[in-house]
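Everything below concerns the one structure shown next.
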Amino acid sequence: MPRVRIGKFAIELPRNRIVRIGLGVSLVVLGGVFGWLPILGYWMVPLGLLVLASDSPVIRRWNRRAGVALVGWWRGRKSKRNAPTAT
């Protein structure tokens, strides 16, 4: 059964591929259209892409690259913050 893992949390997805694709597309579209609303915010777009990644190799590769870039950026940011400054 497909699942979306975010950190240590896992969300079960429907077994039907068409339902998963519809869910992912609707999350992306609704998140894009209603992103300015507080509850239906832009957080729905990455969640929709994670759902779509379970069925699409192209989106799966894009998500992997974005995740690796984000982790590299975060680690570089933390190392710059902890680096001693020359005075």
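If you read the sequence shown in numbering that gives the first Met the number 0, its first letter stands for residue 0, the second for the next number, and so on. In this text, a Cβ means the ideal position worked out from N, Cα and C, and glycines have one as well.
Per DSSP, reduced to three states, the secondary structure at I38 is coil, with no helix or strand assignment.
Rounded to the nearest angstrom, the Cβ distance from F33 to L26 is 11 Å, too far for a contact under 8 Å. For R2, the secondary structure class from DSSP, reduced to helix, strand or coil, is strand. Counting along the chain, the unbroken beta strand (DSSP E) around F8 starts and ends at F8 to E11. Cβ contact annotation for L12 (same chain, cutoff 8 Å, sequence separation greater than five): M0, P1, R2, V3, R19, L22, V50 and S53, in chain order.
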